[in-house]
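K.L.:
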Amino acid sequence: MRGRETPEQGELRDKQDLLASVTAELADAELRLASLTEDLKSFEAAYVRRFGPLWAEIDDLKAQLAEAEAALAPADQAKQKTAFEAREQAHESATAAQAALQIAIRVRKTDDELKQLYRELAKRIHPDLSTSEPDHLRRERLMAEVNDAYSKGEKERLRRILDDLDMSPEAVEGEDIAAELVRTIRRIAQVRRRLEQISKEIADLEQAEIFHLWHVCNDGRAKGKDVLSEMEMSLRYEIRSLNSDVQTKDMRASNETHGK
Amino acid sequence: MGSNDLVPLRGQTPATAKLVTRGLQRAAQLTMVDDRLPLPSWDSADYMPEVFRSSREFERLYQEGNFREAVVALKSRLISFIKEEDSRVGEGNTFFEWPPVRLSEPDAFVRWILPSSQVPTRELVDVYDTLMNELPPEGHAAKRVFEEAFLAIDEFFRVYSHRRASRDR
Numbered sequence: 008m009r010g011r012e013t014p015e016q017g018e019l020r021d022k023q024d025l026l027a028s029v030t031a032e033l034a035d036a037e038l039r040l041a042s043l044t045e046d047l048k049s050f051e052a053a054y055v056r057r058f059g060p061l062w063a064e065i066d067d068l069k070a071q072l073a074e075a076e077a078a079l080a081p082a083d084q085a086k087q088k089t090a091f092e093a094r095e096q097a098h099e100s101a102t103a104a105q106a107a108l109q110i111a112i113r114v115r116k117t118d119d120e121l122k123q124l125y126r127e128l129a130k131r132i133h134p135d136l137s138t139s140e141p142d143h144l145r146r147e148r149l150m151a152e153v154n155d156a157y158s159k160g161e162k163e164r165l166r167r168i169l170d171d172l173d174m175s176p177e178a179v180e181g182e183d184i185a186a187e188l189v190r191t192i193r194r195i196a197q198v199r200r201r202l203e204q205i206s207k208e209i210a211d212l213e214q215a216e217i218f219h220l221w222h223v224c225n226d227g228r229a230k231g232k233d234v235l236s237e238m239e240m241s242l243r244y245e246i247r248s249l250n251s252d253v254q255t256k257d258m259r260a261s262n263e264t265h266g267k
Numbered sequence: 644m645g646s647n648d649l650v651p652l653r654g655q656t657p658a659t660a661k662l663v664t665r666g667l668q669r670a671a672q673l674t675m676v677d678d679r680l681p682l683p684s685w686d687s688a689d690y691m692p693e694v695f696r697s698s699r700e701f702e703r704l705y706q707e708g709n710f711r712e713a714v715v716a717l718k719s720r721l722i723s724f725i726k727e728e729d730s731r732v733g734e735g736n737t738f739f740e741w742p743p744v745r746l747s748e749p750d751a752f753v754r755w756i757l758p759s760s761q762v763p764t765r766e767l768v769d770v771y772d773t774l775m776n777e778l779p780p781e782g783h784a785a786k787r788v789f790e791e792a793f794l795a796i797d798e799f800f801r802v803y804s805h806r807r808a809s810r811d812r
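So the protein lines, in turn, are chains V and P. Counted the way the working numbering counts, the first sequence spans residues 8 to 267. Counted the way the working numbering counts, the second sequence spans residues 644 to 812.
Laid out in C-alpha cells, this is it:
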C-alpha cells in the first residue's frame, strides 16, 4: 500500500517538475543555438566560396588601374601609395578567395526527428544537469558528440548515443530524498544559468554581420527577390566595367607610345 | 540596431570578415529601390538624335521601377540608331557626318575617334558592350546598367554636338 506523501517528498516532486520544465526549455534553447550557429556557418561558407573570387577579381583590376596611374606619375607619392595599398588589398582578397575554395560546403538537412532526438539528448545529458565534476566532464564530452552529430544531420549516431544512455548505470534511479532534493535544486540553478548564457550567445550571433547578410537574403527571398543572384550580377557588371577601364588605359598607353 | 553595432562572427578570419562586410554593404545597396537618378529629359535636347527623343518608353519603365525592361527598351533604341547610322555610311548624311566607319564595329569607331577627340567615346563603347553583349540583368544591376547607359549616351551626344557646332562656327 502506498503511504501518504511526506512534505519533503512533495517538495522534491515539485522541484523535479520544475526541473523537467526548465530542462525542456534548455533543450529547445540549445537546439535554437545549434541550428543558428550551423545555419550561419553554412551560409558563410557558401557566400565566401561564391563571392570571394569575384571580390578578388575586382580588387585585382582596381590594383591594375592604380598601378597604371602610378606608373604614369612616378614622382607622385600619393598615387604610389594608393597603388601599393590597392595591390595589398588584392593579395588579401585573393588569399581569402583561395582559402574559401578549401571550405567544404555542408548542406545540412534537418527534420523533425533529428530535432526531437537532439532535444531528448539535451534534456538527458546536458552538462549543467551534473552535480559532480566527473559527471560534468562525461556530460560535456557527450554533449559535444551530440552537437557534432546534429550539425552533420547524423540521426543514427544520435539514436546510438540515446540507446547507450538508456543502458548506462546513471539510468538507474533511487537515492535518499534529502540528497536528491539538494541535487535537484542545484540542477535547476545550473540550467537557469545556462539558459541566460544561451540567450547571450544567440544575441551575439544576431549582432554578427553574417547574420544580417543572411537575414537580408532570407527577407529578400520572402519577397520573391534573389539578393545573392543580384549581387553576383552587380559584381560581374563591375568586373566588366573595370576590365574595360583597364583595356582603355592600355589602349591610351599604346597610342601615346606610337605617337612618340 | 544600427549597422555600426554589427560585429564579425566569433572565430571568423579578418579576410572573411572583410568579405562579409563588403557583401552586406552591397546587399544594402541592392535592396534600396527608391534612389532613382533624376534623368535628363531628352524631349527637348536638340543634341539628341531623333531615334532617342521620339520614345519615352525606357524612361517610363525606369520611373516605374521596371529596370530590366527599361534596359531592353533602351537597347532597342540604340540598335535602331546604329542600324540607321550604319545604313548611311558612305552617304555622308549621318548624325556624325561620318567617315567610313560603322557604329556596329566599336573598335573601329574608337580607333577613328580617339586620337582626334576628347569626346567621351569609351563610355559609349562600354554602353554598347554592356547593352549588346550581356543578357539584360535583374534588379539593382539592371538599374545601374540603365542609369550608366542613359547618362553616357546623353553625355556623348551633348559633347559631340557641342564640338561639331563649335567647328561649324
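For every residue, glycine included, the Cβ atom is placed at its ideal position computed from N, Cα and C.
(1) Within 10 Å of its beta-carbon, does S809 (chain P) have 16 or more other beta-carbons around it, so buried, or fewer, so exposed?
(2) What would DSSP say about V650 (chain P), mapped onto helix, strand or coil?
(3) Between the C-alpha atoms of L649 (chain P) and R696 (chain P), what's the straight-line distance to the nearest angstrom?
(4) With distances taken from CA atoms, which of P:G654, P:A660 and P:T656 is nearest H219 (chain V)?
(5) Is the closest heavy atom of the ligand ZN to the C-beta of R146 (chain V) under 7 angstroms?
(6) Which residues mark the beginning and the end of the alpha helix (DSSP H) in which E748 (chain P) is found?
(7) Can you give me the start and stop residues for the alpha helix (DSSP H) that R190 (chain V) sits inside?
(8) Along chain V, which residues have their Cβ under 7 angstroms away from the Cβ of L662 (chain P)?
(9) Taking the alpha helix (DSSP H) that A688 (chain P) falls in, what are its first and last residues?
(10) Comparing C-alpha positions only, which one of V:D35, V:S49, V:L128 and V:R193 sits nearest to L19 (chain V)?
(11) Answer with yes or no whether the minimum CB distance from A215 (chain V) to chain P is below 8 angstroms.
(12) For chain V, check one thing: does any of its Cβ atoms lie closer than 8 angstroms to the Cβ of R669 (chain P)?
(13) Can you name the start and end residues of the alpha helix (DSSP H) that A34 (chain V) belongs to?
(14) List, in chain order, every chain V residue whose beta-carbon is nearer than 8 angstroms to that of V770 (chain P).
(15) Cβ atoms of E15 (chain V) and L202 (chain V): under 8 angstroms apart, would you say?
(16) Would you be able to state if there are at least three C-beta pairs under 8 angstroms between the stretch 95-104 of chain V and the stretch 43-60 of chain V?
(17) Quick check on S137 (chain V) - is its C-beta less than 8 angstroms from some C-beta in chain P?
(18) Do E51 (chain V) and V714 (chain P) have their C-beta atoms within less than 8 angstroms of each other?
(19) Between which residues of its own chain and E147 (chain V) is the CB-CB distance below 7 angstroms, once the five residues before and five after are set aside?
(20) A70 (chain V) and A85 (chain V) look like a contact to me (Cβ under 8 angstroms); what is the Cβ gap, rounded to whole Å?
(21) In whole angstroms, what is the alpha-carbon distance linking S804 (chain P) and L108 (chain V)?
(22) Might you give, ordered along the chain, the residues of its own chain that have their beta carbon closer than 6 angstroms to the beta carbon of L26 (chain V), omitting 5 neighbours on each side?
(23) For A751 (chain P), decide whether its Cβ has a neighbour in chain V, counting only Cβ atoms nearer than 8 angstroms.
(24) Specify the secondary structure class of H133 (chain V) as computed by DSSP and reduced to three states.
(25) Determine the chain P residues that contact L249 (chain V) at a beta-carbon separation under 9 angstroms, and present them in chain order.
(26) Grab the span of the alpha helix (DSSP H) containing Q109 (chain V) for me, first residue to last.
(27) Using a cut-off of 7 angstroms between C-beta atoms, extract the partners of H219 (chain V) located in chain P.
(28) For L72 (chain V) and K256 (chain V), what's the separation of their Cα atoms in angstroms?
(29) Excluding the 5 residues flanking Q87 (chain V) on each side, which residues of the same chain have their C-beta closer than 6 angstroms to its C-beta?
(30) Output the boundary residues of the alpha helix (DSSP H) element that contains L717 (chain P).
P.N.:
This is what the structure holds:
(1) Here residue 809 (chain P) is taken as the residue at index 166 of the second sequence, counted from 1. So S809 (chain P) ends up on the exposed side.
(2) Locating residue 650 (chain P) in the second sequence gives position 7, counting from the first residue. Correct three-state label for V650 (chain P): strand.
(3) In the second sequence, the residue the question calls residue 649 (chain P) occupies position 6. In the second sequence, the residue the question calls residue 696 (chain P) occupies position 53. The alpha-carbon atoms of L649 (chain P) and R696 (chain P) are separated by roughly 47 angstroms.
(4) The count along the first sequence starts at 1 and reaches residue 219 (chain V) at position 212. Out of P:G654, P:A660 and P:T656, P:A660 has the C-alpha closest to the C-alpha of H219 (chain V).
(5) As for the ligand ZN, it is missing from this structure, which has no ligand bound.
(6) Residue numbering aside, residue 748 (chain P) sits at position 105 when the second sequence is read from its first letter. Looking at the DSSP string, E748 (chain P) is not in any alpha helix (DSSP H), and its letter there is neither H nor E.
(7) Translated into positions along the first sequence, residue 190 (chain V) becomes position 183. Per DSSP, R190 (chain V) belongs to the alpha helix (DSSP H) from I184 to E213.
(8) For the purposes of this step, residue 662 (chain P) is taken as the residue at position 19 of the second sequence. Correct list: V55, F58, G59, W62 and A103.
(9) The sequence position of residue 688 (chain P) within the second sequence is 45, counting from 1. That residue, A688 (chain P), is in no alpha helix (DSSP H); it is neither H nor E in DSSP.
(10) The residue given as residue 19 (chain V) occupies position 12 in the first sequence. Nearest C-alpha to L19 (chain V): V:R193.
(11) Taking the first sequence and counting its residues from 1, the one referred to as residue 215 (chain V) is at position 208. Yes, contact with chain P.
(12) Indexing the second sequence from 1 puts residue 669 (chain P) at position 26. Yes - at least one Cβ of chain V is within 8 angstroms of the one on R669 (chain P).
(13) Counting from 1 along the first sequence, the entry for residue 34 (chain V) is found at position 27. Its alpha helix (DSSP H) spans residues P14 to L79.
(14) Against the second sequence, residue 770 (chain P) aligns to sequence position 127. Here the premise fails: no neighbours, minimum Cβ distance about 10 angstroms.
(15) Taking the first sequence and counting its residues from 1, the one referred to as residue 202 (chain V) is at position 195. Taking the first sequence and counting its residues from 1, the one referred to as residue 15 (chain V) is at position 8. No, they are not a contact pair.
(16) yes
(17) Numbered from 1 along the first sequence, position 130 holds the residue referred to as residue 137 (chain V). Contact of S137 (chain V) with chain P is not assigned, every C-beta pair being separated by 8 angstroms or more.
(18) The residue labelled residue 51 (chain V) in the question sits at position 44 within the first sequence. The residue labelled residue 714 (chain P) in the question sits at position 71 within the second sequence. It is not a contact, given that the beta carbons lie outside the stated cut-off.
(19) Sequence index remark: in the first sequence, residue 147 (chain V) carries index 140 (1-based). So the qualifying residues of the chain are P134.
(20) Residue 70 (chain V) sits at position 63 when you count from the first residue of the first sequence. Residue 85 (chain V) sits at position 78 when you count from the first residue of the first sequence. Wrong, their Cβ atoms sit about 16 angstroms apart, outside the cutoff.
(21) Locating residue 804 (chain P) in the second sequence gives position 161, counting from the first residue. Locating residue 108 (chain V) in the first sequence gives position 101, counting from the first residue. The alpha-carbon atoms of S804 (chain P) and L108 (chain V) are separated by roughly 51 angstroms.
(22) In the first sequence, counting from the first residue as 1, residue 26 (chain V) sits at position 19. T191, R194 and I195, listed in sequence order.
(23) Counted from its first residue, the second sequence places residue 751 (chain P) at position 108. No, because no Cβ of chain V sits closer than 8 angstroms to the Cβ of A751 (chain P).
(24) Here residue 133 (chain V) refers to the residue found at position 126 of the first sequence. In the three-state DSSP reduction, H133 (chain V) falls in the coil class, being neither helix nor strand.
(25) Sequence index remark: in the first sequence, residue 249 (chain V) carries index 242 (1-based). Within 9 angstroms Cβ-Cβ: nothing; L249 (chain V) doesn't reach chain P, min ~11 angstroms.
(26) Numbered from 1 along the first sequence, position 102 holds the residue referred to as residue 109 (chain V). For Q109 (chain V), the uninterrupted alpha helix (DSSP H) segment begins and ends at Q84 to Q109.
(27) As a first step, residue 219 (chain V) is located in the first sequence; it is residue number 212 there, counting from the start. L649 and L667, listed in chain order.
(28) Your numbering for residue 72 (chain V) matches position 65 in the first sequence. Your numbering for residue 256 (chain V) matches position 249 in the first sequence. Rounded to whole angstroms, L72 (chain V) to K256 (chain V) spans 8 angstroms at the Cα level.
(29) What you label residue 87 (chain V) is simply residue 80 of the first sequence in a count that begins at 1. The answer, listed in chain order, is A77.
(30) As a working mapping, residue 717 (chain P) is identified with position 74 in the second sequence. Segment F710 to S730, the alpha helix (DSSP H) holding L717 (chain P).
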